[in-house]
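Top to bottom, those sequences are chains A and B.
Residue numbering for the first sequence follows the numbering used here, starting at 1 and increasing by one per position.
Residue numbering for the second sequence follows the numbering used here, starting at 145 and increasing by one per position.
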Amino acid sequence: MRVQYTLPGMQTVMTRPTGAAGGAEAGPAATFKKRLKRLQTAIPLNWKRLLRLDQPALSASLIGPPPRPAALETFDPADLRLRWRGLIERHARAFSEVPIESLAAAGGVTTDAMRNVERMLALLMQLQDREDAIVSRHLAETRG
Amino acid sequence: MPLYGWNDEEVYYVADRAHSLFLQGRYREAGAILEGLVIIDPASRYCANALAACWLKLGDPQRAVDCLDRLLARYPDDAEGRIRRCEAYLELRRIGDANNDLSYLRRVVSAGKASAETRAHTRRLELRIQAAHAGYLEAPAALPGR
Numbered sequence: 001m002r003v004q005y006t007l008p009g010m011q012t013v014m015t016r017p018t019g020a021a022g023g024a025e026a027g028p029a030a031t032f033k034k035r036l037k038r039l040q041t042a043i044p045l046n047w048k049r050l051l052r053l054d055q056p057a058l059s060a061s062l063i064g065p066p067p068r069p070a071a072l073e074t075f076d077p078a079d080l081r082l083r084w085r086g087l088i089e090r091h092a093r094a095f096s097e098v099p100i101e102s103l104a105a106a107g108g109v110t111t112d113a114m115r116n117v118e119r120m121l122a123l124l125m126q127l128q129d130r131e132d133a134i135v136s137r138h139l140a141e142t143r144g
Numbered sequence: 145m146p147l148y149g150w151n152d153e154e155v156y157y158v159a160d161r162a163h164s165l166f167l168q169g170r171y172r173e174a175g176a177i178l179e180g181l182v183i184i185d186p187a188s189r190y191c192a193n194a195l196a197a198c199w200l201k202l203g204d205p206q207r208a209v210d211c212l213d214r215l216l217a218r219y220p221d222d223a224e225g226r227i228r229r230c231e232a233y234l235e236l237r238r239i240g241d242a243n244n245d246l247s248y249l250r251r252v253v254s255a256g257k258a259s260a261e262t263r264a265h266t267r268r269l270e271l272r273i274q275a276a277h278a279g280y281l282e283a284p285a286a287l288p289g290r
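What follows is the structure in C-alpha cells.
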C-alpha cells in the first residue's frame with residue numbers, strides 16, 4: 001500500500017531560476033546550487049542593517065510601570081475601585097470650582113497647560129463611566 | 145511634590161492607568177493622561193519619560209524632545225531621558241544634537257557611574273550615530289499634524 005504524504009492541492013511548486021533551464025547545468029543538482037547562489041546575492045545586508053541601527057531602539061518608545069510610592073497601602077479591588085472613583089470626583093469638582101486662569105497662575109503654568117489637566121480628568125471620567133457600564137452589565141448577567 | 149492638592153499615591157494610580165493604556169496600544173489616551181500628570185507633578189521623572197515615549201510611539205519626535213528638554217533641564221543626570229532624547233534627535237536627523245547627548249552619556253560611562261543598561265544603550269547609540277553619518281537612517285515617518 002502506498003502512503004500519500006502530501007495533501008492534494010497543497011504541494012509546493014518547484015520554481016526554476018530563470019536561465020537555469022537547458023544547457024549543461026540543467027540537472028537538479030546544478031539548479032539547486034544556482035538557487036543557493038541566487039539567494040546569497042539577493043539579500044543586500046550589511047552589519048548596520050543587521051544590527052537595526054537604521055531604526056531607534058525599541059526601548060526608547062517603551063515604558064515600564066510607574067514606581068510604587070513607599071507608603072502605598074494595598075486595598076482589595078472593591079475598595080480600590082471606591083477610592084479611584086472618589087479620587088476622580090474630588091479632583092474634577094475642585095477643578096471645576098476654580099477658574100482655569102487662577103489655577104494656571106497658582107502653578108506658574110499657561111492656561112493651555114491647565115487645559116491638559118482638564119482633558120486628563122475628562123478622559124479619566126469617561127474611562128470610569130465605561131468601567132461602570134461593564135461592571136453593571138456583568139452584575140446583571142450573573143444575577144440572571 | 146505634586147501640585148493642586150494631589151498626592152503621590154493619587155499620581156501613582158493615574159500613572160498606572162496611563163501605563164495600562166500604553167500596554168494596550170492606546171498611546172493617544174495614555175499621552176493625554178500623562179500630559180495632565182506632568183503639569184500636576186512636574187518633578188516626576190517617570191511621567192516626563194513616559195510622555196516622551198508616547199510621543200515617539202505616535203511618531204512625533206519633536207514633542208518628545210520638547211518634553212525631555214524640560215525633564216533634563218531639571219535632572220541633567222537622567223540617563224533614561226538622555227538616551228531617549230538622543231534617539232528622538234536621530235529621528236529628527238539632528239545628528240549634532242544627538243552627538244551632544246552621546247558625549248554626556250560617554251562621560252557618565254567613563255566615570256563608572258552608569259548602569260549596565262546605560263552602557264549598552266550608549267554603545268548602541270555610538271553605532272547608530274555612525275550609521276546615521278553613513279546614511280543608514282530610516283526615512284522619517286510623516287509627522288502628525290500639531
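Cβ coordinates follow ideal geometry from the N, Cα and C atoms, glycine included.
Small disclaimer: the values here were computed from a predicted structure and weren't measured.
- Query: Among the residues of its own chain, which have a CB less than 8 Å from the CB of residue 48/A, if the five just before and after it don't count?
  - Reply: By one-based count along the first sequence, residue 48/A stands at place 48. Around residue 48/A: 54.
- Quick one: which chain C residues come within Cβ less than 7 Å of residue 156/B? This model lacks chain C altogether, as its protein chains are A and B.
- Could you say which of 231/B, 185/B, 150/B, 252/B lies nearest to residue 275/B if we only look at CA atoms? On the second sequence, residue 275/B is found 131 positions in, with the first residue counted as 1. Nearest C-alpha to residue 275/B: 231/B.
- Simplified DSSP assignment, three categories, for residue 33/A: By one-based count along the first sequence, residue 33/A stands at place 33. In the structure shown, residue 33/A sits in a helix (DSSP, three-state: H, G or I).
- Kindly indicate the opening and closing residues of the alpha helix (DSSP H) around residue 147/B. Taking the first residue of the second sequence as position 1, residue 147/B is located at position 3. Per DSSP, residue 147/B belongs to no alpha helix (DSSP H) and is neither H nor E.
- Task: Taking only the alpha-carbon atoms, compute the straight-line gap between residue 273/B and residue 241/B and give it to the nearest angstrom.
- Result: As a first step, residue 273/B must be located in the second sequence, where it is residue number 129. As a first step, residue 241/B must be located in the second sequence, where it is residue number 97. So the two alpha carbons sit approximately 11 Å from each other.
- Answer with buried or exposed for residue 204/B, where buried requires no fewer than 16 other C-beta atoms within 10 angstroms of its C-beta. As a position in the second sequence, residue 204/B is number 60, starting the count at 1. Residue 204/B is buried by the Cβ-count criterion.
- Item | Per-residue burial, residue 177/B [other beta carbons within 10 Å of its own, 16 or more giving buried] | The count along the second sequence starts at 1 and reaches residue 177/B at position 33. The residue in question, residue 177/B, is buried, as its Cβ has 16 or more Cβ neighbours within 10 Å.
- Task: Work out the CA separation of residue 87/A and residue 197/B for me, nearest whole Å.
- Result: Position 53 of the second sequence holds residue 197/B. Position 87 of the first sequence holds residue 87/A. Between residue 197/B and residue 87/A, the C-alpha separation is close to 26 Å.
- Starting from residue 77/A, follow the alpha helix (DSSP H) in both directions and report where the run begins and ends. Counted from its first residue, the first sequence places residue 77/A at position 77. Element bounds for residue 77/A: 77-97.
- Would the stretch 168-185 of chain B and the stretch 102-120 of chain A be scored as touching if the rule is three or more Cβ pairs under 8 Å? yes
- For residue 266/B, does the three-state DSSP call read helix, strand or coil? The count along the second sequence starts at 1 and reaches residue 266/B at position 122. If DSSP states are grouped into helix, strand and coil, residue 266/B belongs with the helices.
- Use the C-beta contact count for residue 224/B: other C-beta atoms within 10 angstroms, 16 or more gives buried, fewer gives exposed. Taking the first residue of the second sequence as position 1, residue 224/B is located at position 80. Answer is buried; the Cβ neighbour count reaches 16.
- Message: Could you give the first and the last residue of the continuous alpha helix (DSSP H) run that contains residue 233/B?
- Response: Numbered from 1 along the second sequence, position 89 holds the residue referred to as residue 233/B. It spans 223-235 - the alpha helix (DSSP H) in which residue 233/B sits, taken as one unbroken run.
- Query: With a CB to CB cut of under 6 Å and the five nearest residues on each side skipped, what residues in its chain are close to residue 166/B?
  - Reply: Taking the second sequence and counting its residues from 1, the one referred to as residue 166/B is at position 22. Closer than 6 Å at Cβ, skipping near neighbours: 174.
- What did DSSP end up calling residue 164/B once you bin it into helix, strand or coil? As a position in the second sequence, residue 164/B is number 20, starting the count at 1. Correct three-state label for residue 164/B: helix.
- What's the call for residue 261/B, buried or exposed, on a 16-neighbour Cβ count within 10 Å? Position 117 of the second sequence, counted from the start, is the residue given in the question as residue 261/B. Label assigned to residue 261/B: exposed.
- Going by other Cβ atoms of all chains shown within 10 Å of its Cβ, with 16 needed for buried, is residue 135/A buried or exposed? If you number the first sequence from 1, residue 135/A lands on position 135. Exposed: under 16 other Cβ atoms inside 10 Å.
- DSSP three-state assignment for residue 103/A, whether helix, strand or coil: If you number the first sequence from 1, residue 103/A lands on position 103. Of the three classes helix, strand and coil, the one that applies to residue 103/A here is helix, per DSSP.
- residue 170/B by DSSP, collapsed to three states: which one? The sequence position of residue 170/B within the second sequence is 26, counting from 1. Three-state DSSP puts residue 170/B in coil, outside helix and strand.
- Backbone secondary structure at residue 185/B - three-state DSSP: As a first step, residue 185/B must be located in the second sequence, where it is residue number 41. Here residue 185/B sits in coil by DSSP.
- Item | Cβ shell of residue 252/B (< 6 Å), same chain only, five flanking positions each side left out | Looking up residue 252/B in the second sequence gives position 108. Counting only Cβ-Cβ distances below 6 Å, and skipping sequence neighbours, we find 258.
- In chain order, what residues of the same chain have a beta carbon less than 8 Å from the beta carbon of residue 125/A, not counting five sequence neighbours either side? On the first sequence, residue 125/A is found 125 positions in, with the first residue counted as 1. Only 88, 92 meet the Cβ criterion.
- What three-state label does DSSP hand residue 145/A in the structure shown? Only positions 1 to 144 of chain A appear in this structure, which leaves residue 145/A out of reach.
- Query: Are the C-beta atoms of residue 244/B and some chain A residue less than 8 Å apart?
  - Reply: Here the question's residue 244/B lines up with position 100 in the second sequence. Not one chain A Cβ lies under 8 Å of residue 244/B.
- Under 7 Å from the C-beta of residue 61/A: neighbouring residues of chain B: Within the first sequence, the letter at position 61 stands for residue 61/A. Those within 7 Å of residue 61/A in chain B are 197, 200, 201.
- If the cut is a Cβ gap below 8 Å, which residues of chain A does residue 181/B touch? Against the second sequence, residue 181/B aligns to sequence position 37. Within chain A, the residues near residue 181/B are 120.
- Is it true that the stretch 214-221 of chain B meets the stretch 187-194 of chain B, where meeting means three or more beta-carbon pairs spaced less than 8 Å apart? yes
- residue 250/B to residue 239/B, Cα distance in whole Å? Here residue 250/B is taken as the residue at index 106 of the second sequence, counted from 1. Here residue 239/B is taken as the residue at index 95 of the second sequence, counted from 1. Roughly 16 Å between the two C-alpha positions.
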